[in-house]
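J.: Here it is: the structure, laid out below.
Chains as they are written, first to last, in our numbering: chain A, 1 to 313; chain B, 314 to 788.
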């Protein structure tokens, strides 16, 4: 496979994952705004921070209103992480790697783009927002379904999976990073209304509010939520689970190509570190520090994969 | 000069009824409900959009992707007509390859005084870098898309030879796929020669031109300028169908005297490069130094015999519209036979007397740039306003050698489907020809382009043309 093609696949799936994550952040943000009677400015501000686009937003808008934040995150061409930019970039990469995709995957990506171009050509009114967000989710599911159902399990699939998992790990880690103070045991007033709302928002941002309740292991506590997001072996968006997916698919590549690369050692180290901790030792080390280190390590793995597999040269 | 009135319709007879190749189709059509066909036409458009069969139009925003409109009435050619046509194309393509080899080597045709020396020597499309070099198998034009127009029952003309990098073959293939899906019953009622082997044949034909004997292990790749190129869809479509890599300049480099592509496991040597990048952009070391689309040093690898470039650099000279006017003599010079296919009368504006005639008759003529393509920069006299003609006359006088003129041909028509039923529109035909040392292979049919505007003679997709499926019948 061409190095460029591997890179195109990796980025195509990173962008798809990113647009879906941004849509989920908007959903969680609107929800919290609806359930709060008082000031929502700080909630919308934290949504923008979580999406990692605070400086871009501040350059255009002076305050944080639902209307502006939603528009910036959904459609703004100047926001590199906007849903529309993600879908557009994913499709551009898909066109570039068209020969590596089945017709089903390509058509799902192309239809996603056509539908969103249409749905997002003008600002979305708040009455339409739920249906637009629903459509974004449905289209991502179609692409993923086509990928799983029709693609060969070869290096092409591995790079697609790696891109998805890296982006996912980064997204979950950033959500924890922005909200870490609400997860600290010292700062929590157990059972207080404020914490419940904050925690609910965090869980919704990673589509985990339902799974977390179903697992039903004890009450909703800050350490329970933190453990779930970081270390759970069943939750597909936990840092541990996403890292396992990266390790697994890098492993297939090593077997397929007959060589181990630097990125293999790096993902092994990242996983060993996650395995060596439980939530208490993470709090002891400092949650914030732990997450910042994780984000850095995850990014470094991504950059190393680009080099190991010659995405650019 | 051909008359502009009462064009020849390939389906409908002047009074009533249809010509023989269309009889089965006509019967089917008359039993169809027009509203069902209207629905089918919409379905076809949705299908093209979903699969991304689009092209980019230069001069519009990069994000603009347009569909080439597809008409659901097929253009039907009888086996007898096709046999004659394909013999004529084969003869012409063979002559062009011999001509190219000649002008880049011994230049017999110049010595014989059949083609003037300055037409070659001062031609921007002539590449001195190709002098004294023979490409593998002596094949220059691996892929040709000869443009054919028709004016009567037996009157076929070659309009352009397109020996450089003809495009459109993906539409030929997708149009057939679409027809098969929409109207399967038509293909049991008519015996239509298949076109679907084209990608397989293209790969085999290219592999047969490899620089060394690599049998079935030969690595073929397609070189594209990238996703913003107007024909990018076709490049990726062909790579996908052939099962070969689609590369860009920055994927390639010279490794140990060969051209190699960067893969996830290191550099891999390419034997045959089907390039869809123009000569000028192919090699920044040998041609345009600012080109980002090519591969530095590829010409040196090529001249060392370590890669096949298809089509060969320098074939563009055969597309020169002034040279075109010598094509009947060229065919005769190399094959010893009369040209089977006619040439359109061509006035070379570089000659003073001719220029005078052309200027006096601009309103009746079609004037083209000698290196033009895609319908850009041309004047269609009968369709132009007085002012447009006056402006064009100035351009012509300023640089006469840059232009040729031709009479306005009364192109044949084939009906298209409109709300009220069938309505005739002008068409041309681009059959696709593959050349290798094993022989010349012409896919039966080709791409029919149709001017969708009533009365218009311009069929180019960049200028509002559409396409039709093209059938060659078995008997």
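By construction, the Cβ of each residue, glycine as well, lies at the ideal position given by its N, Cα and C atoms.
Values in this document were obtained by computation on a predicted structure and should not be read as measured data.
1) Find the nearest neighbour of residue 709 of chain B within the set B:359, B:748, B:666, B:672, judged by alpha-carbon distance.
2) Interface residues of chain B around residue 155 of chain A at Cβ under 7 Å?
3) Below 9 Å between beta carbons: does that hold for residue 738 of chain B and residue 591 of chain B?
4) Would a check of beta-carbon distances place residue 262 of chain A closer than 9 Å to chain B?
5) Taking a Cβ distance cut-off of 7 Å, strictly less, list which residues of the stretch 419–444 of chain B are near chain A, in chain order.
6) Output, in chain order, the set of chain B residues within a Cβ distance shorter than 8 Å of residue 257 of chain A.
7) Output the boundary residues of the alpha helix (DSSP H) element that contains residue 728 of chain B.
8) Could you tell me whether any Cβ in chain B is nearer than 9 Å to the Cβ of residue 1 of chain A?
9) So what does residue 781 of chain B bridge to, in DSSP terms?
10) Once the 5 residues before and after residue 575 of chain B are set aside, which same chain residues still bring their CB inside 6 Å of it?
11) Given a cut-off of 9 Å, decide if residue 33 of chain A and residue 40 of chain A are closer than it, judged by their beta-carbon atoms.
12) Closest to residue 654 of chain B by CA distance: which of B:461, B:704, B:509, B:586 is it?
13) Where are the alpha helix (DSSP H) runs, 4 residues long or more, that stay fully inside the stretch 639–707 of chain B, in chain order?
14) Take residue 171 of chain A as the anchor and find which of A:298, A:79, A:280, A:276 has the nearest alpha-carbon.
15) To the nearest angstrom, report how far apart residue 307 of chain A and residue 382 of chain B are at their CA atoms.
16) May I ask you to report which of helix, strand or coil DSSP gives residue 572 of chain B?
17) Would you tell me roughly how many angstroms separate the C-alpha atoms of residue 776 of chain B and residue 236 of chain A, rounded to the nearest one?
18) Take residue 489 of chain B as the anchor and find which of B:763, B:388, B:620 has the nearest alpha-carbon.
19) Closer than 8 Å is the cut-off here; do at least three beta carbon pairs connect the stretch 350–367 of chain B with the stretch 412–425 of chain B?
20) Check each residue of the stretch 82–113 of chain A: if its Cβ is closer than 8 Å to any Cβ of chain B, include it; give the result in chain order.
21) Pull up the distance between the alpha-carbon of residue 318 of chain A and that of residue 304 of chain A, whole angstroms please.
22) Counting pairs of Cβ atoms below 8 Å between the stretch 172–184 of chain A and the stretch 280–296 of chain A, do you hit three or more?
23) Please report the distance separating the alpha-carbon of residue 196 of chain A from that of residue 250 of chain A.
24) Can you tell me whether residue 624 of chain B is buried or exposed? The criterion is at least 16 other CB atoms within 10 Å of its CB, across all chains shown.
25) Using a Cβ-Cβ cut-off of less than 9 Å, give me the residues of the stretch 302–313 of chain A that come near chain B, in sequence order.
26) Starting from residue 6 of chain A, find everything on chain B with Cβ-Cβ shorter than 9 Å and list it in chain order.
27) Where residue 774 of chain B and residue 364 of chain B are concerned, what is the direct C-alpha to C-alpha distance, given to the nearest angstrom?
28) Whose Cβ in chain A lies nearer than 7 Å to the Cβ of residue 559 of chain B?
29) Does residue 406 of chain B pass the burial test, meaning 16 or more other C-beta atoms within 10 Å, or should it be called exposed?
30) Taking 9 Å as the CB-CB cut-off, is residue 769 of chain B touching chain A?
31) Looking at chain B, is there any beta carbon in it that lies within less than 9 Å of the beta carbon of residue 253 of chain A?
32) Determine whether the beta carbon atoms of residue 610 of chain B and residue 596 of chain B lie at a separation below 9 Å.
33) Going by the beta-carbon positions, is the gap between residue 630 of chain B and residue 440 of chain B smaller than 9 Å?
34) Just reading off the alpha helix (DSSP H) that residue 262 of chain A is part of, what are its end residues?
35) Whole angstroms is fine: what's the gap from residue 6 of chain A's alpha carbon to residue 552 of chain B's?
36) Over what stretch of residues does the beta strand (DSSP E) that includes residue 586 of chain B continue unbroken?
T.: Straight from the coordinates:
1) B:672
2) 577
3) no
4) no
5) none
6) 577, 578
7) First-last for residue 728 of chain B: 726–731, but that is the beta strand (DSSP E), not the alpha helix (DSSP H).
8) yes
9) B:384, B:761
10) 564
11) yes
12) B:461
13) 640–648, 665–673
14) A:298
15) 43 Å
16) strand
17) 51 Å
18) B:388
19) no
20) 92, 95, 96, 98, 99, 103, 106, 107, 110, 111
21) Because chain A here runs from 1 to 313, residue 318 of chain A falls outside it and cannot be looked at.
22) yes
23) 38 Å
24) buried
25) 308, 309, 310, 311, 312, 313
26) 576, 577
27) 19 Å
28) 99
29) buried
30) no
31) yes
32) yes
33) yes
34) 262–276
35) 16 Å
36) 585–588
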